[in-house]
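Below you'll find the structure, written out as structure tokens, and then a few comments.
Residue numbers (this note's numbering): 6 to 522.
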């Protein structure tokens, strides 16, 4: 995604979560957590709130000659809070014998002037784990705190269920389907840990029983050249895929904006079923207009999830079966026949013109989107649908560096000539395996890539394709020319032999220097 979008992300805001509240002495249990209104100005957040402390500590920034440097995403996040970062200044002869923390503090104004937070330990970001974690301490407190930041799906797995709002999936989809990049934030208290044991804790011991804090939203604008270059490549019958570590909804939104998936093409999310259908692929259409699922369950009641109904298309589309939970069948005419219980037992799709025509159109105008976990399972099982998925796949999201490399290798096994364009260290493996790897970065990825572009966009791809094809045409042209030249000279010598004659040395020299050169 970063290859197609602007280098610098803009901080859009945060969506805080109200923590579970006690229902009072007369009630039992706690009120469930809920999302509050989004906050676009982070400087207005309470300085002592866990959300603010997570924003100012959970990063890998460092000061070099008085300038903050680090990951651009971390830099935007920290700068939007208005806080200050201070690293200890220790003499070179003593700094290796001392462990001094990095300290962050709010702007010197109001009552928050005395607030200081020390970052004592950091577990760096891992592409495989999709998160980073830090251990810090508010200097006025006696206990330590854990702050984690990463993909929302991964962060929620580390949080206790009672701290996650019930509408988490809907809120996440609301932002990702519009192309925003969304991260999750969480925290926990370490009250029984002493400082001496702090640096011996493992990541697994720290990253557990977290409390979900909210969503961190970044706005990443599309590069102006990206849609133009994608259109150029597609007009040349070059198939384009997006392989990214971002959320599926974010990736599909970007793919629509740049024209990688055209407006008249249907895009389906592939995933494996649950329970008895764990080995079956299911399809769900993306970017449908929101409609109530109740009409579907009334027309096509199924056992299992009430919000998901199965429509069997028979021979119209290949296996696996097509699952479309948001499909509204109330507009179909004639209406499905209802039995005595006033619920339809089966729907024969061929009787309904609109659906029938849509499904037939899918044979030529549809593409797939899938996550890294789904792709990994397809590859591990050597699933019979894998070649079909690879030839129709357009968006591969939440892909790890290893999965990107495997994808390139699988495409090559199908006979594709694969080019890879990437801008980060996560792309090194895929860049190395591709037939033509183009790095948009002069740092890590350029080492593994045979080509490096000085322009930080994909405008280099059509140029490289044109240069490669021109070189191929030139090579074939030279080969054909030399073959024709040799054949012509052979025929001329054979004709001369028929009259007991031959070309002289000076004649050969004249042909090579004057006629051929």
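Backbone N, C-alpha and C fix where the C-beta goes; we use that ideal spot for every residue, glycine too. Quick caveat, the model's predicted, so the values are computed rather than measured.
Asked, Found
"Proximity below 8 Å, CB of residue 428 to CB of residue 446", "yes"
"Simplified DSSP state of residue 405, which is helix, strand or coil", "coil"
"Identified DSSP bridge partners for residue 123", "108 and 142"
"Residue 6 beta carbon less than 8 Å from that of residue 251", "yes"
"Proximity winner among 406, 187 and 458, relative to residue 225 (alpha-carbon distances)", "187"
"Endpoints, beta strand (DSSP E) assigned at residue 167", "First-last for residue 167: undefined, no H or E at that position."
"Under the three-state DSSP convention, the category residue 318 falls into", "Confidence at residue 318 is low in this model, with a pLDDT of 33, below 50, so its placement is unreliable and the value that follows should be read with caution. Residue 318: coil per DSSP, three-state reduction."
"Identity of the residues DSSP links to residue 525 by a beta bridge", "The structure shown does not extend to residue 525, since the chain is modelled only from 6 to 522, so the question has no answer here."
"Beta-carbon contacts of residue 11 that lie in its chain and below 8 Å, excluding the five residues immediately before and after", "225, 226, 227 and 228"
"Residue of 426, 491, 200 and 500 minimising C-alpha distance to residue 464", "426"
"Outcome for residue 481 when other beta-carbon atoms lying within 10 angstroms are tallied against a minimum of 16", "exposed"
"At least 3 beta-carbon pairs within less than 8 Å: the region 147-159 vs the region 189-204", "yes"
"contact_flag[the region 13-21, the region 138-145] where n(CB pairs < 8 Å) is 3 or more", "no"
"Residue range of the beta strand (DSSP E) that includes residue 15", "15-23"
"CA-to-CA distance, residue 120 to residue 376, given in whole angstroms", "42 Å"
"Opening and closing residue of the alpha helix (DSSP H) in which residue 208 lies", "208-211"
"Counterpart residues of residue 535 in DSSP-defined beta bridges", "Outside the modelled stretch of the chain, which goes from 6 to 522, sits residue 535, for which no answer is possible."
"8 Å CB neighbourhood of residue 37 in its chain, flanking five on each side removed", "25, 167, 170 and 171"
"Whole-angstrom distance between residue 122 and residue 17, CA atom to CA atom", "24 Å"
"Contact under 8 Å by Cβ, residue 417 with residue 411", "no"
"Residues sharing a beta bridge with residue 426, DSSP", "443"
"Enclosing alpha helix (DSSP H) for residue 81 [first to last residue]", "77-86"
"Helix, strand or coil at residue 197 [DSSP, three-state]", "coil"
"Residue 217 versus residue 176: straight-line alpha-carbon distance, rounded", "14 Å"
"For residue 500, three-class secondary structure by DSSP", "helix"
"Residue 436 Cβ short of 7 Å to the ligand GTP heavy atom set", "Judged by which ligands are present, the structure shown has none, so any question about the ligand GTP falls away."
"Distance CB(residue 155)-CB(residue 135) smaller than 8 Å", "yes"
"Under 8 Å between C-beta atoms of residue 434 and residue 409", "yes"
"N-terminal and C-terminal residue of the beta strand (DSSP E) that residue 151 is part of", "149-155"
"8 Å contact criterion, which residue 246 and residue 274 should meet: CB distance rounded", "Actually they are not in contact, since the Cβ atoms of residue 246 and residue 274 sit about 15 Å apart, beyond 8 Å."
"Unbroken beta strand (DSSP E) run spanning residue 67, endpoints", "67-69"
"Secondary structure of residue 256, DSSP reduced to three states", "helix"
"As assigned by DSSP and simplified to three states, the class of residue 10", "strand"
"Cβ-Cβ distance between residue 399 and residue 265 below 8 Å", "yes"
"Backbone CA spacing between residue 199 and residue 436 [nearest angstrom]", "45 Å"
"Inter-residue spacing [alpha-carbon to alpha-carbon] between residue 232 and residue 517", "50 Å"
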